[in-house]
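Enquirer:
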Amino acid sequence: MSFWWLNPLMKMGYDKPLEDKDMPLLGATDRAQNQYLMFMEKLNREKQSPSQATPSFFWTIVSCHKRAILVSGFCALLKVLTLSTGPVLLKAFINVSLGKGSFKYEGFVLAAVMFVCKFCESLSQRQWYFRTRRLGLQVRSFLSAAIYKKQQKLSNAAKMKHSSGEIMNYVTVDAYRIGEFPYWFHQTWTTSVQLCIALAILYNAVGAAMLSSLVVIIITVLCNAPLAKLQHKYQSKLMEAQDVRLKAMTESLVHMKVLKLYAWEAHFKKVIEGLREVEYKWLTAFQLRRAYNSFLFWSSPVLVSAATFLTCYLLKIPLDASNVFTFVATLCLVQDPIRQIPDVIGVVIQAKVAFTRISKFLDAPELNGQARKKYCVGIDYPIAMNSCSFSWEENPSKSTLKNINLAVKVGEKVAICGEVGSGKSTLLAAVLGEVPKTEGTIQVCGKIAYISQNAWIQTGTVQGNILFGSPMDRERYHNTLARCSLVKDLEVLPYGDCTQIGERGVNLSGGQKQRVQLARALYQNADIYLLDDPFSAVDAHTATSLFNEYVMSALSDKTVLLVTHQVDFLPVFDSIC
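full-length UniProt numbering numbers the first residue of the sequence shown as 1 and each following residue consecutively.
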């Protein structure tokens, strides 16, 4: 309750700079994986419920964290109630000082009550903020995990609608804004409660003059309604402009070598600056409406006090020390919620826009990949296609691959040959389940390792790219390096396999990247290996060595589909298609 459990960590940080090992582990309920699994379990349960055909993501999140929401809501209510006792206790103190006390030691009792109220106010406020911030972190973490999982399963049509720049915005901007919303959620109703209590205290202090305060507050809220609608509109336009600009920036940075080669820097700079101008236009419009909104609400407390005092003067309501000081103290209760209203409205609008965008993304169609079995015990054909047709488009007029019949036995080596654009890579993608199947039946059984034509390398060390999260087995690791002809290459690197290879392996040659990718696949010890022309990036001598050591020796008992243009290797294959 008092956060004393942080004291040892604070003391350690005072004595020395904190390191990763000094930080305590996250609790099980705060980890992204556990939060994501809980969210998906609840969502799937609601999807299976006959009473709700299309479950709401928002209410699914609420049902997952309803206990935390209720506890933090109780803390918020307690904070508002204890804060509202200030003007009431002040009026009682003034009455005691004027000799209007009810009993002898009333002043001491009031002082004790005020201490308890302020103590509870501080404690409840800190718990309110802590619990809502923690809830926001949990929501943001599992939304990021859900977006990451979803983008791996997007259909091809959905990938056209949701670019990599937009997906990046979903994680960095939209998920962040939804994560901030729990902190402001309870203020959507605590501001109303606090205003009602303040108006009740004002009525007790100045009587009917309180109605003028109520009228000013109502006029302020009504004037804000059209501004709030404009804010919502401009926020949506701003997010769309940010998506387009970020997409252009990402594509330009990824293909910077091509831009430099063709001297297109000036043109693309002009295009990006134009997109930035569009984004700036919507940002300016949004911030101007927000500024008008803030001015309107920040000026309202002054208008409330002026209207109330003017009404007291016109109605001849007497003002003495008791009701004047109570009125001034109550103005603080009125000012805080009124001044927070524009911030609350802005956060709600941003969260609504962000939630709509993420909901559309999570509802996007997925690949209809075949159900792949993890184990193939007793199955003779781990890959079997019967009259299959595949197309990258959802409603194709012409299939990319048509009437494919393929049966691959366990341990069989199959070569796939053909001219450029004949669908060799598409066939491998179909085995992976990444191409929608329009006709026929397909069965794939076992763990798959895929080696793409363009090597995929992550930022880090050579060893990290090969292990790829798997535990280290020294014997298997060194055998993998030898099979992939990487031993001599690692000897040249300054720190061997612990050398940082730069962003996307920029410090490695094309052949080295391909061999690191081959080593990663071999170390995973899969059942099926799909090789998409992996030897095109290496010289003929290295290609022959890799083929003999890797495909024919290391993968001797594995099922292999190899796309290749090198006809010298074809005689040793079991079949060619």
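Every residue gets a Cβ at the ideal spot worked out from N, C-alpha and C, and that includes glycine.
State the CB to CB distance for the pair leucine 432 and leucine 530, rounded to an integer number of angstroms; the pair is presumed to be in contact (CB under 8 Å).
Expert: Position 432 of the sequence shown, counting from 1, holds the residue named residue 432. Position 530 of the sequence shown, counting from 1, holds the residue named residue 530. Leucine 432 to leucine 530, Cβ: 7 Å. Contact.
Enquirer: Identify whether glycine 440 lies in helix, strand or coil by the three-state DSSP scheme.
Expert: As a position in the sequence shown, residue 440 is number 440, starting the count at 1. If DSSP states are grouped into helix, strand and coil, glycine 440 belongs with the strands.
Enquirer: Note down the Cα distance separating asparagine 156 from tyrosine 477, rounded to an integer number of angstroms.
Expert: Sequence index remark: in the sequence shown, residue 156 carries index 156 (1-based). Sequence index remark: in the sequence shown, residue 477 carries index 477 (1-based). Taking the Cα positions, asparagine 156 is about 36 Å away from tyrosine 477.
Enquirer: Going by DSSP, what residue range makes up the beta strand (DSSP E) through aspartate 532?
Expert: Taking the first residue of the sequence shown as position 1, residue 532 is located at position 532. Note, aspartate 532: beta strand (DSSP E), 528-532.
Enquirer: For the structure I just gave you, are there three or more beta carbon pairs, one from the stretch 298-308 and one from the stretch 343-353, closer than 8 Å?
Expert: no
Enquirer: Only counting the same chain, and skipping five residues up and downstream in sequence, which positions put a Cβ closer than 6 Å to that of alanine 371?
Expert: In the sequence shown, residue 371 corresponds to position 371, counting from 1. Caution is warranted here: a pLDDT of 49 is assigned to alanine 371, below 50, making its placement in the model unreliable, and the coordinate value is therefore given only provisionally. Excluding residues within five positions, none has a Cβ falling inside 6 Å.
Enquirer: Just to confirm my understanding: we take lysine 402, look at its own chain, exclude 5 residues before and 5 after, and list those with CB closer than 6 Å. What are they?
Expert: Numbered from 1 along the sequence shown, position 402 holds the residue referred to as residue 402. The answer, listed in chain order, is Ser389.
Enquirer: Per DSSP, which one or two residues make a beta bridge with valine 113?
Expert: Translated into the one-based positions of the sequence shown, residue 113 becomes position 113. Note: valine 113 sits in no beta bridge, so no partner.
Enquirer: For valine 271, which residues in the same chain have their Cβ closer than 8 Å to its Cβ, ignoring the five residues on either side in sequence?
Expert: Position 271 of the sequence shown, counted from the first residue, corresponds to residue 271. Within the same chain, valine 271 has close Cβ partners Ala248.
Enquirer: Going along the chain, which unbroken runs of the alpha helix (DSSP H) with 4 or more residues stay wholly within the stretch 180-221?
Expert: Annotation: the stretch 180-221 contains the following complete segments of the alpha helix (DSSP H) (minimum length 4 residues), in chain order: 187-206.
Enquirer: Ordered along the chain, which non-local residues of its own chain (more than five positions away) have a Cβ less than 8 Å from that of serine 399?
Expert: As a working note, residue 399 is residue 399 in the sequence shown. Hits under 8 Å: Ser389, Phe390, Ser391, Thr438 and Glu439.
Enquirer: Inspect the beta-carbon positions of cysteine 75 and lysine 42 and report whether they are closer than 8 Å.
Expert: As a first step, residue 75 must be located in the sequence shown, where it is residue number 75. As a first step, residue 42 must be located in the sequence shown, where it is residue number 42. Going by C-beta atoms, cysteine 75 is not nearer than 8 Å to lysine 42.
Enquirer: Would you kindly work out how many angstroms separate the C-alpha atoms of phenylalanine 268 and arginine 245, rounded to a whole number?
Expert: Position 268 of the sequence shown holds residue 268. Position 245 of the sequence shown holds residue 245. If you take the alpha carbons of phenylalanine 268 and arginine 245, they lie about 11 Å apart.
Enquirer: State the Cα-Cα distance for the pair asparagine 169 and aspartate 243, rounded to the nearest angstrom.
Expert: Locating residue 169 in the sequence shown gives position 169, counting from the first residue. Locating residue 243 in the sequence shown gives position 243, counting from the first residue. Our two residues, asparagine 169 and aspartate 243, have alpha carbons roughly 7 Å apart in a direct line.
Enquirer: Considering only their Cβ atoms, is the gap separating isoleucine 178 from arginine 134 smaller than 8 Å?
Expert: For the purposes of this step, residue 134 is identified with residue 134 of the sequence shown, where counting begins at 1. For the purposes of this step, residue 178 is identified with residue 178 of the sequence shown, where counting begins at 1. Not a contact, by the Cβ cut-off of 8 Å.
Enquirer: DSSP state of residue 582, grouped into three classes?
Expert: Residue 582 lies beyond the range of the chain shown here (1 to 577); nothing can be said about it.
Enquirer: May I have a chain-ordered list of the alpha helix (DSSP H) segments no shorter than 4 residues that lie completely inside the stretch 382-422?
Expert: none
Enquirer: To the nearest angstrom, report how far apart valine 258 and isoleucine 528 are at their CA atoms.
Expert: Position 258 of the sequence shown, counted from the first residue, corresponds to residue 258. Position 528 of the sequence shown, counted from the first residue, corresponds to residue 528. The alpha-carbon atoms of valine 258 and isoleucine 528 are separated by roughly 35 Å.
Enquirer: In this structure, what does DSSP give as the bridge partners for valine 563?
Expert: Mapped onto the sequence shown, residue 563 falls at position 563. Valine 563 is bridged to Ile416 and Asp532.
Enquirer: Flag this pair as yes or no: are the beta carbons of valine 206 and threonine 308 separated by less than 8 Å?
Expert: Residue 206 sits at position 206 when you count from the first residue of the sequence shown. Residue 308 sits at position 308 when you count from the first residue of the sequence shown. Cβ atoms of valine 206 and threonine 308: closer than 8 Å.
Enquirer: Can you tell me whether DSSP reads alanine 371 as helix, strand or coil?
Expert: The sequence position of residue 371 within the sequence shown is 371, counting from 1. Caution is warranted here: a pLDDT of 49 is assigned to alanine 371, below 50, making its placement in the model unreliable, and the coordinate value is therefore given only provisionally. If DSSP states are grouped into helix, strand and coil, alanine 371 belongs with coil.
Enquirer: Which full runs of the alpha helix (DSSP H) of 4+ residues lie inside the stretch 318-364, going along the chain?
Expert: 321-362
Enquirer: Do asparagine 293 and leucine 227 count as a contact pair if the criterion is CB distance below 8 Å?
Expert: For the purposes of this step, residue 227 is taken as the residue at position 227 of the sequence shown. For the purposes of this step, residue 293 is taken as the residue at position 293 of the sequence shown. Going by beta carbons, leucine 227 and asparagine 293 fall inside the 8 Å limit.
Enquirer: Going by beta carbon distance, what residues of the same chain come within less than 6 Å of asparagine 507, once the five residues before and after it are set aside?
Expert: As a position in the sequence shown, residue 507 is number 507, starting the count at 1. Ile501.
Enquirer: Quick test of your reading: tyrosine 523 and isoleucine 466, contact by CB under 8 Å. State the CB separation rounded to the nearest angstrom.
Expert: Looking up residue 523 in the sequence shown gives position 523. Looking up residue 466 in the sequence shown gives position 466. 6 Å between Cβ atoms; contact.
Enquirer: Rounded to whole angstroms, how far is the Cβ of lysine 566 from the Cβ of phenylalanine 535, which I believe are closer than 8 Å?
Expert: Numbered from its first residue, the sequence shown carries residue 566 at position 566. Numbered from its first residue, the sequence shown carries residue 535 at position 535. The sequence given here places glutamine at residue 566; lysine does not occur at that position. Contact holds; Cβ gap of about 6 Å.
Enquirer: Whole angstroms are fine: how far does the CA of serine 122 sit from the CA of glycine 446?
Expert: As a working note, residue 446 is residue 446 in the sequence shown. As a working note, residue 122 is residue 122 in the sequence shown. Approximately 59 Å, taken between the alpha carbons.
Enquirer: Return the Cβ separation of leucine 296 and threonine 220 in integer angstroms, given the expectation that the two are a contact with Cβ distance under 8 Å.
Expert: One-based indexing of the sequence shown puts residue 296 at position 296. One-based indexing of the sequence shown puts residue 220 at position 220. About 6 Å; that satisfies the 8 Å criterion.
Enquirer: Buried or exposed: tyrosine 234, going by 16 or more other Cβ atoms within 10 Å of its Cβ?
Expert: Taking the first residue of the sequence shown as 1, we reach residue 234 at position 234. That one is buried.
Enquirer: Is it the case that the Cβ atoms of threonine 85 and alanine 198 are separated by a distance below 8 Å?
Expert: Here residue 85 refers to the residue found at position 85 of the sequence shown. Here residue 198 refers to the residue found at position 198 of the sequence shown. Taking the C-beta atoms as reference points, alanine 198 is found no nearer than 8 Å to threonine 85.
Enquirer: Note the first and the last residue of the continuous alpha helix (DSSP H) segment covering glutamate 455.
Expert: Position 455 of the sequence shown, counting from 1, holds the residue named residue 455. Glutamate is not the amino acid found at residue 455; the sequence shown has alanine there. Run containing alanine 455: none; DSSP gives neither H nor E here.
Enquirer: Could you please give the first and the last residue of the uninterrupted alpha helix (DSSP H) stretch that includes glycine 13?
Expert: If you number the sequence shown from 1, residue 13 lands on position 13. 7-15 is the extent of the alpha helix (DSSP H) around glycine 13.
Enquirer: Would you list the residues sitting across from leucine 154 in a DSSP beta bridge?
Expert: Numbered from 1 along the sequence shown, position 154 holds the residue referred to as residue 154. Glu366, per the DSSP bridge assignment.
Enquirer: Nearest by alpha-carbon distance to asparagine 95: which of Val80, Ala209, Lys150 and Ala321 is it?
Expert: Looking up residue 95 in the sequence shown gives position 95. Out of Val80, Ala209, Lys150 and Ala321, Ala321 has the C-alpha closest to the C-alpha of asparagine 95.
Enquirer: Let me know if lysine 260 comes out buried or exposed under the rule of 16 or more other beta-carbons within 10 Å of its beta-carbon.
Expert: Locating residue 260 in the sequence shown gives position 260, where the first residue counts as 1. Result: exposed.
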